[in-house]
Every structure is written in structure tokens, then in C-alpha cells.
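Engineer: Going down the list, the sequences are from chains A and B.
In this text, residue positions in the first sequence follow the numbering used here: the first is 1, and each later residue adds one.
In this text, residue positions in the second sequence follow the numbering used here: the first is 1001, and each later residue adds one.
Glycine is no exception: its CB is placed at the ideal position from the N, C-alpha and C atoms.
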Amino acid sequence: MKTIVIGVIGADVHAVGNKIIEYTLTNHGYNVINIGVLSSQEDFINAAIEADAKLILVSSLYGQGEIDCRGMRDKCIEAGIGDILLYVGGNIVVGKQDFREVKKRFLDMGFNRIYPPGTPIDKALCDIKKDLGE
Amino acid sequence: MARYLLIDFGSTFTKLTAVDTEKGDIIGTSAKATTVASDIREGYHQALAALFAEIGHEVTFDKIIACSSAAGGLKMAAVGLVDELTVEAAKRVCLGAGAKVDLVFSHHLTNHEVQEIVNQKIDIVLLAGGSDGGNTECVLYNANKLGEMKISVPIVFAGNKTAEDDIKLIFQKYGMDGYICENVMPRINVLNVGSAKEKIREIFLKKIIAAKGIKKIEEEIDRVVLPTPEAVLQASELLSRGYMHEPGLGDIVIVDIGGATTDMYSMCLATNRSDVILHGLEEPFAKRTVEGDLGMRYSAPGIVKNLSKEEIRLIDEEKGIDIETEVAYRFHNVWSLPENEHDEHIDELLAEMCAYRAMHRHVGKIEEVFTPMGTVYNQTGKDLTEVEYVIGTGGVIINARDPFIILNKTKNVFSNTNELRPKHPGFLIDRKYILAAMGLLSQIDPLLALKIMKKHLKPINEEEGR
Chain A
1 MKTIVIGVIG ADVHAVGNKI IEYTLTNHGY NVINIGVLSS QEDFINAAIE
51 ADAKLILVSS LYGQGEIDCR GMRDKCIEAG IGDILLYVGG NIVVGKQDFR
101 EVKKRFLDMG FNRIYPPGTP IDKALCDIKK DLGE
Chain B
1001 MARYLLIDFG STFTKLTAVD TEKGDIIGTS AKATTVASDI REGYHQALAA
1051 LFAEIGHEVT FDKIIACSSA AGGLKMAAVG LVDELTVEAA KRVCLGAGAK
1101 VDLVFSHHLT NHEVQEIVNQ KIDIVLLAGG SDGGNTECVL YNANKLGEMK
1151 ISVPIVFAGN KTAEDDIKLI FQKYGMDGYI CENVMPRINV LNVGSAKEKI
1201 REIFLKKIIA AKGIKKIEEE IDRVVLPTPE AVLQASELLS RGYMHEPGLG
1251 DIVIVDIGGA TTDMYSMCLA TNRSDVILHG LEEPFAKRTV EGDLGMRYSA
1301 PGIVKNLSKE EIRLIDEEKG IDIETEVAYR FHNVWSLPEN EHDEHIDELL
1351 AEMCAYRAMH RHVGKIEEVF TPMGTVYNQT GKDLTEVEYV IGTGGVIINA
1401 RDPFIILNKT KNVFSNTNEL RPKHPGFLID RKYILAAMGL LSQIDPLLAL
1451 KIMKKHLKPI NEEEGR
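(1) Pairs of beta-carbons, one from the segment 1392 to 1407 of chain B and one from the segment 1254 to 1272 of chain B, closer than 8 Å: are there three or more?
(2) Is there at least one Cβ from chain B nearer than 9 Å to M1/A's Cβ?
(3) Listing by chain order, which chain A residues have their CB less than 9 Å from the CB of M1373/B?
(4) Can you name the start and end residues of the beta strand (DSSP E) that T3/A belongs to?
(5) My output table needs one value for G65/A: the three-state DSSP class, helix, strand or coil.
(6) Who does E1367/B pair with in a DSSP beta bridge?
(7) Where do the N-terminal and C-terminal ends of the beta strand (DSSP E) with N34/A fall, by residue?
(8) Can you tell me whether D43/A is buried or exposed, with buried defined as 16 or more other CB within 10 angstroms of its CB?
(9) Hey, C76/A and V58/A are a contact pair by Cβ (cut 8 Å); roughly how many whole angstroms apart?
(10) With the cut-off set at 9 Å, would you say A1449/B and A1235/B are in Cβ contact?
(11) Consider the Cβ of L1146/B: report whether some Cβ of chain A lies at a distance smaller than 9 Å.
(12) Suppose you measure from the CA of P1227/B to the CA of T1380/B; what does that come to, to the nearest Å?
(13) Assign G1098/B to one of two classes, buried (16 or more other C-beta atoms within 10 Å of its C-beta) or exposed (fewer than that).
(14) Where in the segment 1378 to 1447 of chain B do unbroken runs of the beta strand (DSSP E), each at least 3 residues long, occur, reported from the N-terminal end onward?
(15) Using the Cβ count rule (16 or more neighbours within 10 Å means buried), how would you classify G65/A?
(16) Does the CB of M1187/B have a neighbour CB from chain A at under 9 Å?
(17) Say whether chain A places a C-beta atom closer than 9 Å to the C-beta of T1086/B.
(18) Would you kindly work out how many angstroms separate the C-alpha atoms of E1218/B and L1205/B, rounded to a whole number?
(19) Thinking just about the alpha-carbon of each residue, which of K1309/B, L1081/B and P1425/B is nearest to the one in L1140/B?
(20) Looking at chain B, which residues of the segment 39 to 58 of chain A have a Cβ within less than 7 Å of any of its Cβ atoms?
(21) Straight-line CA distance for V88/A to G1130/B?
(22) Using a Cβ cut-off of 9 Å (strictly closer), state whether I128/A contacts chain B.
(23) Give the DSSP-derived three-state secondary structure of R1466/B in the structure shown.
(24) Helix, strand or coil for I84/A per DSSP?
(25) For the alpha helix (DSSP H) holding G1043/B, just list the boundary residues, first then last.
(26) Is the shortest distance between the beta-carbon of S1131/B and the beta-carbons of chain A less than 9 Å?
(27) Using a beta-carbon distance cut-off of less than 8 Å, what residues from the segment 1275 to 1304 of chain B approach chain A?
(28) From which residue to which residue does the beta strand (DSSP E) around S1106/B run?
(29) Could you tell me if C126/A is buried or exposed, where buried requires 16 or more neighbouring beta carbons within 10 angstroms of its beta carbon?
(30) Are the C-beta atoms of I21/A and some chain B residue less than 9 Å apart?
(31) Judging by CA-CA distance, which residue of N1408/B, V1304/B, L1239/B and P1247/B is the nearest neighbour of P1422/B?
(32) Where does H1112/B fall in DSSP's three states?
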């Protein structure tokens, strides 16, 4: 069973979407480690190391995701899990910005997949199946 | 109708407590130096003679049981993967089993670290790493490393269960004294203390006390049943929770300031509030922490080491003392007792600092986080704000002229708003040094142990006329 770490990063307490993601991924046979809201980069990375996760899926709904996610790939490399997949989704930047720009910035930060506001989890699920296998 | 003798073979003193169930009370106590270096029975005989002298006649006991922290207690190394997760979980299991955690290692063990296990004469190694189904690579590497370096002390494996079969093969391959237990952290942030703790106790009673020359006392008494700190932990939990119709004291904290360590125990849930978000590894109801660098004699230098030059100067000027000299003297004269008011004053000052800092490390922290959805509270560790009582034990507190000042340092005296220290606790003193003995008695007669504790733990206010 493939393991995925999910959670809501930074000073963000949006818990509903987080539960929906947990429910959906679990139903599709993934071992989901949900570290919940108000989670730091280190919380995600520590959980991924102990649980031998293949993917970290970061949610951010309050607009500060860009600040909260900066340097996360570097920390993964330092922690010995540099190859792990990093996904991020939600309202990850302030205001309405051109998503192509936003996506580029997050790709440069080392994230593998970036989802715009309003993406249903099923869309991400397709990518997860592609990246991790069924 | 029965009489029980409860013995605590401490690192310094062998303490005896005699209990009569008919009277429902303690009938005598005594203490003599522990003689584990020559023959542990000598000190026991002396203490027994003193006990009979106190009672006024000889007594036949129906049952004699003991706990021990003699000959260095139970020295353990906790090995895990990530510091905040399996390393912390392993450490908590060791502390909960009544051990001193002398070494703590994360990630891959190095040759030097394994050599330290030998150098520091570690009794048992707790090997953890990986949640169930998670990382196996690290714990297997570490098991192999321990095998290659021919570590002969017992190794308790309590890591990722997926690695269990391979671990067994490694134990066999190197002829290691290995034991398999449930994972200390089966899922992320979930703590599982029971299985590994039970195994540690079993090994302690079967092997460690024999190796330390304590087991020969079992020719004269029924059994050594627990490491001393675990006896205190059990007494504390009983005192907090109560037993059947006899209510306990509720949420409590126990502070034990000794020569080498300051131990702190808290009996309460992580939080009773619904408006906080808990972070980090799950907290046990009965939590013990041990500060190996905070103590009145062996560890006195640690107290000052924690201070900045400025703070030291401030203390020296304010109190009119030279604290570094005082600390060095106590370190080199571990048997010294206060001879005058000045010595007492210094000892109490050091104890205040131990209590303050040990609580700083034990207590949970809370952080206000401003979010677009309003203010939320992010908590790690245990919330002790509503604790009913802080109970003091250990020589310096028991004998202090004013134990209130020492115990008061567990409160939020410097108004660090993020520390969840006790707000309005009552203060009790373990005047007769009975906590470990009552932990032993709780194995036989929990109700009586609870009643005796409630009777003999005295409020400071009452005694000191505050």
C-alpha cells in the first residue's frame, strides 16, 4: 500500500477539504497519514520519513501558501527524502493571479504538481494514480 | 490483617516502610545507606534494625517487596528515526518504564554512537524507528550496526512491525540478546507505551538487577518488583485517579529533586479545552520526565551551565554569593549536607532553579496563531494550568525551611504566557518519603496505598502556617 502524507500548511485551519481528501484517498486504497491543520513543513517531512511516504500533498486555503511552502523541497533533500513527490493545491496565493505564473513559481520551488482553486480531488487522484500507480 | 514491608533500594539510601493493614497505616520507617557495592543485604539489615528500634519490637512481615534504583538505576539508550517522532516516543517509553535515558540517537547509528552504548554501560537499548508499514531501512541498518559492533546488552525492538521478521534474523545472525515488542509509534503521532514498557520491566527484573548484585536480596525478601521511578509513577497515577469508591486528588504534578536528577511527573490529560489544536506526539496521562543535568550534587554544575554569564552575575549580586564556586563544591562533595544557614540557603536556591527549569522542559507550550478565521491556539505538550496539586518529594524539598518557595517555582512566576504551568495549585509535601513505597503497596492493596498517601502527604500551608 502506497503512503501519502496530507495536511494543511501554515496558520491555516481549513479542515473540511482536508477531511474530504483523506476520505477519498483512503477509499482508493492509499495509506493516508493526515497530520491535520496548522502543520509546518517539518511536520509533513517528519511524517513522510517515518511512514516511508511516496507523496506529500499540501493544502493551503488562506492565500499564504507561497510563503509557507518556500524551501520545502530543499528541506526534503536535507532530510534524505529529496525524491518524494510534492503536490500543492487550494487558494495558494493572495488574490486572483494568473495561474500559469503561479504554477511556474511553485514548479521552480520544487513542487511536482500544482492545482488551482476549485480543483476537485478526483482530478488530483488521477495524477496520483499516474505517479504512484494504482 | 497483614503486615507488609516495602523497601526502596535507592542510589544513596535503602528506605524501609512498614505498613499494618489492621491499623490501615504506616507503623514505621527507616533509612540507611545502600550497600550495593559490597553486599546489598548489609544496608538492608541495618535499616531493618533501625526500623524495629523505631517500632519498639521485632515484627514478622507477611510480605516484603522492593523497588530499586541502586547501582545507577536502569540506564537506557533510546534509538529512533526522526527526533520529534520515534526518537521521542522511544524516550518516553524508557522514562515511563522507570529508566534513566542516558543516550538518545536518531537516524543511522554511527560507530562512535554505538561505542558510547558500551562506554556508558547502558543496561538496555530500545530500538525503534518507522511507523507500522513505514520506513524499515533505518531500523534494519541500526540493528545490523548493533550486531556488527557486538553489543551484548539486551536490545528491545519496538519499531516498524514490517521490519520484525528481518530484525529477528539479524538478532539470530549476531547472537544478540534481542526481544520483539509492539511499535512505540504504530501510526504517526500515536504513542504506544504498554508492550515495550512491560518488556523492559521484565528484563530489568530478570537480568539487570542480577547483574548489579541486587538480586541476592531476594534470598531474604519476597521479590524486587519494580524500578523505583516506576513505583513512584504508579503511586502518582493511583493518587490522581483514585480507586473504586475512594476518590483521588485529580490532576497532579510531582517534583522530585535529587542529587543527580530532577524528575517531574504529571498526571492529567494533554488538555481539557476544546478550543486548542494539539500538535506533535500524543501525550500520556501519566508522564515522567527526567533532567539529568539538574540536580543538587552530581548534576549541580548543569544548573549553572544553563545560565548566561549575565544571569550568573545577577544572581551573585542579588544574593551576595558566588554561585559557580558553590556549585563546584557540591559537585566535588556529593555527600555534603548543609551545615549552616548559608548552605541551606544555597541548596534551596539551587532547588528553586531545578524546579523552575525542569517544569519549563516538562510543561506544554501554547501559541496564539492569528488566522483569517480568527485566533486559534496551537498546543504542544501537556496543559498543566488546572492542576490541583503540586507535590514535592526528595531530600532538599522535604528538609527545606521553606519548601513553598521551591514548589512555587513550578508556577508561572516569570509570566511566560506560552508556558502552560500550574496556575493555582495547592502544595503538598511527601514528608515521610513514602511515594515509592506506596507504589509498591499499590501492587498488593491499592485502596490502602491511596488512603495512606492522602493522609501523609501534607499541605504546606497547614504545616508552615502560611
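Structural biologist: Here's the rundown:
(1) yes
(2) yes
(3) D12, V13, H14 and Y62
(4) T3 to V8
(5) helix
(6) N1378/B
(7) N31 to N34
(8) buried
(9) C76/A to V58/A, Cβ: 12 Å. No contact.
(10) yes
(11) no
(12) 29 Å
(13) buried
(14) 1389 to 1393 and 1426 to 1429
(15) buried
(16) Checking the sequence, you will find Arg at residue 1187/B rather than Met. True, the Cβ-Cβ gap to chain A drops below 9 Å.
(17) yes
(18) 11 Å
(19) L1081/B
(20) N46, A47, I49, E50, A51 and D52
(21) 25 Å
(22) no
(23) In this prediction, R1466/B scores a pLDDT of 42, lower than 50, which makes its location untrustworthy; the coordinate-derived value is nonetheless stated afterwards. Coil.
(24) coil
(25) I1040 to I1055
(26) yes
(27) I1277 and H1279
(28) That residue, S1106/B, is in no beta strand (DSSP E); it is neither H nor E in DSSP.
(29) exposed
(30) no
(31) N1408/B
(32) helix
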